[in-house]
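Take a look at the structure below.
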Amino acid sequence: MNYPKIFASAIVLAILVSSCKQHEDARRPISISSGTFMKKSIERNKKLVATEEEQIKAVIKNNPKIKYIASTKGYWYAYENQNTTDTITPKKGDVAFFDYEIKDLKGNVIYSEMELRPQTYFVDKQEIMMGLRDGIKLMHKNETVNFLFPSHMAYGYHGDEKRIGINQPLICTVTLHNFVPETAYRRQMETKKPKSETPKPTTPAAPAIKKDSLN
35 MNYPKIFASA
45 IVLAILVSSC
55 KQHEDARRPI
65 SISSGTFMKK
75 SIERNKKLVA
85 TEEEQIKAVI
95 KNNPKIKYIA
105 STKGYWYAYE
115 NQNTTDTITP
125 KKGDVAFFDY
135 EIKDLKGNVI
145 YSEMELRPQT
155 YFVDKQEIMM
165 GLRDGIKLMH
175 KNETVNFLFP
185 SHMAYGYHGD
195 EKRIGINQPL
205 ICTVTLHNFV
215 PETAYRRQME
225 TKKPKSETPK
235 PTTPAAPAIK
245 KDSLN
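Numbering-wise (this note's numbering), the sequence shown opens with residue 35 and increments by one.
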């Protein structure tokens with residue numbers, strides 16, 4: 035029997051087993067750490083949402099004459115001018131024409147309507163503030179609505195990197211002037227072009243302020 039070869043094989047096997055065990059042991063803390071980080075992150079988000087909701091509810095409480103409605107998406111809104119005649123609202127495939135103003139929860143203007151007007155929005159086809167994306171689809175023509183958006187429905191933990199801070203709840207006052215099917219809008223744009231102008235592909239105009247990605 036070749037004992038040296040057996041002895042050498044046993045040593046190699048022991049090293050491999052030890053190496054695998056060390057590798058598994060080394061990976062274990064990373065998994066635990068990752069799970070702990072996720073739990074802490076979820077808890078922080080829950081606390082942030084709860085804090086912002088309390089701030090918004092304080093605004094509502096301080097304005098008892100205004101009837102705010104709680105949406106299913108986690109924001110609140112109240113009509114300044116309501117259109118009770120029309121029944122249709124904007125949907126995907128429409129182009130909406132609106133103006134809006136952005137304020138903080140204390141009522142300080144962050145972006146005025148004059149700065150942001152006019153807004154031409156291809157419904158559900160452009161990246162705008164998540165709250166506006168949903169809220170506009172609740173509105174009828176010629177309505178003005180005050181929206182109270184928590185930060186996760188506004189600009190999230192990045193802000194807009196200009197005037198809107200991180201995790202900042204907002205008040206948005208929106209006036210929806212009109213909305214039309216996209217096909218009708220594009221035909222209208224074509225008729226406004228000079229006859230000598232060569233037609234070019236039409237792409238949706240970028241909004242004045244873009245929405246950050248989902249946090």
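Just so it is clear, CB atoms sit at the ideal spot from N, CA and C, and this is done for glycine as well.
Judged by DSSP in its simplified three-state form, residue 86 adopts helix.
Non-local C-beta neighbours of residue 214 in its own chain, meaning closer than 7 Å and more than five positions away in sequence, comprise 128, 129, ordered along the chain. Boundaries of the beta strand (DSSP E) harbouring residue 114: 110–115, taken from the DSSP string. Annotation: the continuous alpha helix (DSSP H) that includes residue 216 extends over 216–226.
As for any beta strand (DSSP E) of minimum length 3 sitting wholly inside the segment 173–213, the runs are 177–183, ordered along the chain. CA-to-CA, the gap between residue 83 and residue 95 works out to about 18 Å. Burial is judged here by how many other beta carbons sit within 10 angstroms of a residue's own beta carbon; residue 202 has at least 16 and is buried. Bridge pairing for residue 136: 145, 206 [DSSP]. If you look at residue 165, you'll find it in the alpha helix (DSSP H) that goes 164–169. Under DSSP, residue 155 takes part in a beta bridge, and its partners are 130. Around the Cβ of residue 190, a 10 Å sphere holds 16 or more other Cβ atoms; the residue is buried. Excluding the 5 residues flanking it on each side, residue 197 has same chain C-beta neighbours closer than 6 Å at 144, in chain order. Residue 94 sits in a helix when the DSSP states are folded into three classes. The straight-line gap separating the alpha-carbon atoms of residue 204 and residue 92 is approximately 13 Å. With distances taken between CA atoms, residue 108 lies nearest to 188 out of 192, 226, 188. Under the DSSP definition of a beta bridge, residue 76 lacks any partner.
Taken atom to atom, the span from the alpha-carbon of residue 211 to that of residue 133 is near 8 Å. Rounded to the nearest angstrom, the gap between the Cα atoms of residue 87 and residue 206 is 16 Å.
Nearest neighbour of residue 186 by Cα position, chosen from 74, 72, 85, 174, turns out to be 85.
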